[in-house]
Every structure is written in structure tokens, then in C-alpha cells.
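Participant:
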Amino acid sequence: MNNAQTTRPKITVVGSANVDLTFRTPRLPVPGETFAGHSLHQGMGGKGANQAVVAARLGADVSFVARVGNDGFATQAIDAYKNDGINTKFIRHSKDQPTGTAAILVDDEAENCIIVVAGANAELCADDVRSAKTAIEAADVVICQLETPVEAAIEAFKIARAANVLTMLTPAPAKLVTDELLALSDACVPNKTEIAAITGKAVETEADCVLAAQTLMQRGVRQVALTMGGEGVLTLDHSGMSRIPATQVKAVDTTGAGDAFTGALAVSLAEGLPLSDAASRAAIVAAISVTRIGTQTSFPSLDEVNGWNQPEETK
Ligand code: RIB
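Written out as C-alpha cells, the structure reads:
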């Protein structure tokens, strides 16, 4: 995230691509209820694509490995990625499955509910990943999530490890993570729900967070950045633990904030920042994103991040 830097950080993202349909609504519905919403916004989403887009907007040279359908949404998505300067040549088209879609409800308190129909994302396979071997080996950081089959993530991380490339896992959506995948993850960026799913223990208090992060280290992870929403971020690596307070902003839509954080963290780590400094920068990127509606539509540019000052009313 450094304007003066001559070599751009290289990030390869292996993961999901969705079209997001965001419904703004006064409140979230209860079963069987029908009522009027405020507005509908269509944009590009998917955890993998979101991370790729934020990294590209922050100046990284990004390759995206994904699966989309053979439909209009696929064309719109690929055009949008190209517009952000992302290398799309490793995106394959599935024959029978549509491009992934997400229905997102966001209420006046910025709470959300998301339903994802995976479609073509479910067909991302180890062979797709092998076709992008050169982009993985040339990267500074390879990022995977859990919205596409785990086989794809394992293959990507094996190729990356063999080439000494830093591997970063966002274990989202929350689910059990195998020892094999965790041991292949140099960095792990969970939220509280996700780290609880991995460790099998409730994570509520600060002490729970510390213990859960230490558990990930014992299972082979070298850098943990635990995002805790309004409570900030906890980082843990060989140099110790840091607490980064939450950046205070008025949130209107928190969808994709975790992806904004991860993409930005990868860029800063690729630039050589220590984990806690990288997480502080990434927290600003995530904070800017929650002040706007949508996922990729809410991600800032590098200039915007560098010029960002905390709004007076939130100080
Ligand atoms: O993390 C936010 C993302 O989750 C949305 O963009 C949606 O597509 C789902 O994948």
C-alpha cells in the first residue's frame, strides 16, 4: 500500500465469485413475513473475488483463480475484474452451473443476513488450481477461503509452500478446518465465529480470543489476525500479541468488511510490514468499506486509504 514502491506486491487469490443482490430493508424479516424494502443494489461479490478486488485497488498485481457459469452474470463479473486490473485468465467457465449468487439483506442497523447459492463455485477443483501454477509460484501471498471446495485450497497451498510463497487462509464461511489445511496455512484470518468453529470452543471473552489464537499457532499457523468487529483485531505471531482497537465509523453495511481486511492485510504483508502494522492498515480499509453499501462497490482505492482521516463525529 505504498505509492512510492516500484515493485507491486503480487497476490493470487483462489476462491469464490458471486453476484451480490443487496436488499436494503428497515429490519430483517421473520419467517412468513412480507414487507417493503428500501432499495436493491446489484454488485459483484464472493469472498475470493472481494479479496482479489480490494488487493488490486490497493495497487497489487492480482491473479484470480475461480469458476463462473456461462451466463450474463459471468460476463459482468469478468468485465468488472478486468476493470480493476485483475488477471482473469485463470477463471474457468462451468458448463452446467450458473455463476454463484448471494442474496443479502441489510437493515437500518447495518445488520445483515446472507444466502449464497454456490453454483459454479462448487466446481472449482485441483486441476483449475494447477492450471494457475505459474501465478501461484510467482506470488508474494496466496489467499484461499472456504466458499469453494477445500481440495482447491489444499492444492493451492501445496504449490505455494513448495515455492516459498506465503499462504493466507480466511476460514469463511465458518466450518471445521482439517489439520492438513491448517498446517499449510502460514497466516489465518478468522472472525470469532470462524475461530470457534475451528477450535470447537466458544469464543466470547478476550481470554477466549487469546486462547483460540494460541490454539491455531499450536496447529501450525504462524500468523493469526483475529477480527472482532467493534472490538478491533487481535494479532499473534512469533514476536508476540497485539491488540488493534476498532476504527470508529458509522457503519451502513458491513458485508465484505472481513474480505476487505484480508485483501488489505495480504498487500501490506507482501510489502514487508510486520503483522500488527499490516493489520492496523487493513482495519482502516475495512472501516472505510462499512461506511458504504455493497461489497466490491464499497472498497476504497489506495489514494483514498492514504488520505483517510477518522470522521470528527466518531472521534
Ligand atoms: O463476505 C461477503 C461475501 O459473502 C459476499 O460478497 C457474498 O457474495 C458472500 O460470498
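So the sequence shown is numbered by my numbering: it starts at 8 and just counts up by one. By construction, the Cβ of each residue, glycine as well, lies at the ideal position given by its N, Cα and C atoms.
#1: Counting pairs of beta carbons, one from the stretch 35-46 and one from the stretch 68-86, are three or more of them closer than 8 Å?
#2: Please name the residue, chosen from S192, P178, V184, that lies closest to A169 on a Cα-to-Cα basis.
#3: Taking 7 Å as the cut-off, is the C-beta of E187 nearer than that to any heavy atom in ligand 1?
#4: So T108 and L28 are in contact, right, with Cβ under 8 Å, and what is the actual spacing, rounded?
#5: Give the DSSP-derived three-state secondary structure of L131 in the structure shown.
#6: Extract the residue ranges of the alpha helix (DSSP H) inside the stretch 238-278, only unbroken runs of 4 or more that lie entirely within it.
#7: In the DSSP assignment, find the unbroken beta strand (DSSP E) run with N25 in it and report its ends.
#8: Which residues mark the beginning and the end of the beta strand (DSSP E) in which D284 is found?
#9: Could you tell me whether the Cβ of A214 comes closer than 8 Å to any Cβ of chain B?
#10: Is the stretch 49-68 close to the stretch 92-99, with three or more CB pairs under 8 Å?
#11: Does the Cβ-Cβ distance between I364 and A273 come in under 8 Å?
#12: Any heavy atom of ligand 1 closer than 7 Å to the Cβ of G314?
#13: Just to confirm, does V123 get its C-beta within under 7 Å of one of the non-hydrogen atoms of ligand 1?
#14: Out of M175, A159, P33, D114, which has the shortest C-alpha to C-alpha gap to E130?
#15: Quick check on DSSP: helix, strand or coil for S5?
#16: Starting from T141, trace the alpha helix (DSSP H) in both directions and tell me its first and last residue.
#17: State yes or no: is the C-beta of S308 within less than 8 Å of the C-beta of R288?
#18: Determine the burial state of N198: buried for a count of at least 16 other Cβ atoms within 10 Å of its Cβ, exposed for fewer.
#19: Contact check, D244 vs Q230 under 8 Å by CB: the rounded distance?
#20: Report all residues from its chain with a CB closer than 6 Å to the CB of T155; omit the five preceding and five following residues, and keep chain order.
#21: Can you give the Cα-Cα distance for D134 and A258, rounded to whole angstroms?
#22: DSSP three-state label for F164, please.
#23: In its own chain, which residues sit with a C-beta less than 6 Å from the C-beta of A87, not counting the 5 before and 5 after it?
#24: Check this for me: beta carbons of Q104 and G79, under 8 Å apart or not?
#25: For the stretch 171-183 and the stretch 138-158, state whether three or more C-beta atom pairs, one from each stretch, are separated by less than 8 Å.
#26: Rounded to a whole number of angstroms, what is the C-alpha to C-alpha distance between A203 and I143?
#27: Please list the segments of the beta strand (DSSP E) lying wholly inside the stretch 64-135, counting only runs of 3 or more residues, in order along the chain.
#28: Please list, in chain order, all residues of the same chain as D68 whose beta carbon is under 6 Å from its beta carbon, the five residues on each side excluded.
#29: Express the C-alpha separation of A271 and D186 in angstroms, rounding to a whole number.
#30: Among I98, V123, E40, which one has its Cα closest to the Cα of K54?
#31: By the three-class DSSP mapping on this structure, what secondary structure does M175 have?
Facilitator: On the basis of the data shown:
#1: no
#2: S192
#3: no
#4: 7 Å
#5: coil
#6: 264-277
#7: 25-31
#8: Not the beta strand (DSSP E): D284 falls in the alpha helix (DSSP H), residues 282-296.
#9: Although the question refers to chain B, the structure presented lacks it and comprises just one protein chain.
#10: yes
#11: With the chain covering 8 to 322 only, the question about residue 364 has no answer from this structure.
#12: no
#13: yes
#14: A159
#15: Outside the shown range of the chain (8 to 322) lies residue 5, about which nothing can therefore be said.
#16: 140-144
#17: no
#18: buried
#19: 5 Å
#20: G22, S23, N128, L131
#21: 40 Å
#22: helix
#23: M51
#24: no
#25: yes
#26: 29 Å
#27: 68-75, 98-100, 107-113, 119-124
#28: R15, K17
#29: 26 Å
#30: V123
#31: strand
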